[in-house]
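Going by the numbering used here, 493 is the number at position 38 of the sequence shown; the sequence numbering is gapless. Ideal Cβ positions, reconstructed from N, Cα and C, are used throughout, including at glycine. Just so it is clear, the structure is predicted and the values come from calculations on it, not from any experiment. Everything below concerns the one structure shown next.
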Amino acid sequence: MPSEFPQKFSSELESALSTWAQRGQRRSLAEIPGVNLCSNDYLGLAQSPRLRGALAEAVAAAERVGSTGSRLLSGHDRAWDELEESFAEFAGTEAALFFTSGYAANLGLLTSLAGPDDSIFSDALNHASLIDGIRLSGARKHIYPHADLNALESGLRERQNDRGRKLIVTETVFSMDGDVAPLREIFALAARYGAGVILDEAHATAVHGPQGRGLAAGLSAVAASHGAADVSRGDAVVTQGAVDGAENVVAVVHTCGKALASVGAFVCGGALLKEYLINRARSFLFSTALPPYLAAQVHAALRLAQSMDAERAALRQNAQALSAVLRRQGWDTASSSTQIIPVIIGKNDAAVAAAAFLQRAGFAVRAIRPPTVPQGIARLRLSLTAAITPDELTRLADALQAFRDESVSEGRRETASHSAAPRAPQLLAKTSAHAAGAHLDFTESSHRTTDAQDTGDAHLTEAWSRR
Ligand SMILES: Cc1ncc(COP(=O)(O)O)c(C=O)c1O
């Protein structure tokens, strides 16, 4: 008798897919043409001829194009040692260990440092890789509302007398809201309650901090002169000249797939942490190393990125200008203060409609829906890169305004035809739908800013022409 399994299996999968479709949560793979506003290539390095050249050279010179095994077997190469040394210097830590992705780094780190006797305090908006690492570690989870220091403190206080290790885990630049974690306050709480801190700099790597070294380096939370620390005993990495409590930072994760236009990630911290992870992190131990030519790509990207202060400044200036205009137009952009600007729409189908409208207007924008973000705050996630021109941003703001106008008049039409009480459009407008005089002034702003900030259009154009 033929097995019933294949048919049952298919119908279960189909039913799940149709449930997700009904909820407006079914996803599909597609390349979207247009000005790319969903890319993490913040410095525009993915199309850099210099980076391409460095990679081509490395491939040509490589003894082998496959790594042939995990780092502990045949996959190790001197190129990884050299890269890890350079990256540690960049991050301001004693050591760094390369993982094949940020996801693998977070999983490996969290499952190595925490177990069922330990407690992890995690910001509610942390990335899925952190959430999964925490789950897999088996540690007690304390999810505190986004950036809510009171909630974090009361969780820490509750666990004050526990014998297990306490770790606070946060992104530095939040991937969906584009805001920055209150690091100084988190460090102070960590010091007060004897907790370690793990920072994920994925969206800050090469973009924020001095020479793009990240927000932790910007606060001197990590220093090249770490003393020895035994993380397995609960010691933290020793730091010098740092803000209060920064000595409790045990690890900083930097990823290479975003602004470094490559792939992989580094866990940066003390030499003992590195040694410990080499022996313990399963996502490091049991996974094939990336090909050694990729070490050359990351190395070249790192060198290029450090010299891109002008692009970083232009990106910052464009992000500030766009955020200001969107807020004047009445959009809720959460607390974004970086190159990631969410436009909170609310319902899933409204977010999908907004994305489709912008796509028709020539912008590659995607709707971000649960489970990536909490229910009820589906959004467009605009991520700016140094390759986007002020003119493109002006057109983007105009397109968003046109979408708002269309939604408002559709809302009115529907209201009239149902002769019901006026219904607010699904868009979460903070102010009036037609914010008077909202217009983009990228070019004007370059006249107004101080020398320190003013690297705006000129550099952006330079960055554009160098691509
Ligand atoms: C905050 C954060 N951490 C980690 C990751 C995972 O990095 P990777 O894409 O290299 O796996 C991402 C990716 O989107 C991220 O946004």
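Compute the distance between the beta-carbons of residue i and residue j, then report whether it is under 7 Å.
| i | j | result |
| --- | --- | --- |
| Tyr-497 | Ala-672 | no |
| Phe-576 | Leu-607 | yes |
| Phe-642 | Ala-701 | yes |
| Glu-626 | Asn-581 | yes |
| Val-923 | Ile-586 | No information on residue 923 is available, as it lies outside the stretch 456 to 922 that the chain covers here. |
| Val-417 | Ala-659 | With the chain covering only 456 through 922, there is no way to say anything about residue 417. |
State the DSSP-derived secondary structure class of residue i, mapped to helix, strand or coil.
| i | result |
| --- | --- |
| Arg-735 | helix |
| His-754 | helix |
| Tyr-599 | strand |
| Leu-670 | helix |
| Phe-629 | coil |
| Gly-689 | Interpretation of Gly-689 is limited by its pLDDT of 37, a score under 50 that renders its predicted location unreliable; the figure taken from the coordinates is listed afterwards. The answer is coil: DSSP assigns Gly-689 none of H, G, I, E or B. |
| Asn-703 | helix |
| Ser-792 | coil |
| Val-490 | strand |
| Leu-500 | helix |
| Leu-740 | helix |
| Thr-548 | coil |
| Ala-579 | coil |
From residue i to residue j, what does the alpha carbon distance come to, in whole angstroms?
| i | j | result |
| --- | --- | --- |
| Ser-529 | Leu-745 | 11 Å |
| Ala-534 | Arg-859 | 52 Å |
| Ala-809 | Leu-835 | 8 Å |
| Asp-408 | Met-456 | Outside the displayed range of the chain (456 to 922) lies residue 408, so it cannot be described from this structure. |
| Asp-632 | Tyr-599 | 16 Å |
| Gly-719 | Arg-590 | 22 Å |
| Ile-796 | Ala-805 | 18 Å |
| Ala-816 | Val-490 | 10 Å |
| Gly-619 | Pro-571 | 9 Å |
| Thr-523 | Trp-786 | 51 Å |
| Ser-742 | Thr-566 | 15 Å |
| Leu-848 | Ser-458 | 57 Å |
My understanding is that residue i touches residue j, with C-beta atoms under 8 Å, so please give their C-beta distance in whole angstroms.
| i | j | result |
| --- | --- | --- |
| Tyr-748 | Ala-513 | 4 Å |
| Leu-759 | Leu-500 | 6 Å |
| Val-708 | Gly-479 | At roughly 32 Å, the Cβ-Cβ gap does not stay under 8 Å, so Val-708 and Gly-479 are not in contact. |
| His-597 | Gly-610 | 4 Å |
| Leu-527 | Val-820 | No, Leu-527 and Val-820 are not in contact; Cβ-Cβ is about 42 Å, not under 8 Å. |
| Ala-852 | Gln-772 | The pair is not a contact, with the Cβ atoms about 15 Å apart (cut-off 8 Å). |
| Ala-657 | Ser-630 | 7 Å |
When you compare the CB of residue i with every CB in chain D, is at least one pair closer than 7 Å?
| i | result |
| --- | --- |
| Asn-561 | Structure shown: chain D not included; a single protein chain is present. |
So residue i is in the beta strand (DSSP E); what residue range does that whole segment cover?
| i | result |
| --- | --- |
| Ala-833 | 833 to 838 |
| Asp-655 | 651 to 655 |
| Ala-720 | 720 to 724 |
Which first and last residues belong to the alpha helix (DSSP H) in which residue i is found?
| i | result |
| --- | --- |
| Leu-604 | 604 to 613 |
| Gly-801 | It is not in any alpha helix (DSSP H) - Gly-801 instead sits in the beta strand (DSSP E) that spans 795 to 801. |
| Ile-641 | 638 to 648 |
| Gly-557 | 557 to 568 |
| Ala-768 | 764 to 784 |
| Val-514 | 504 to 516 |
| Ile-589 | 583 to 592 |
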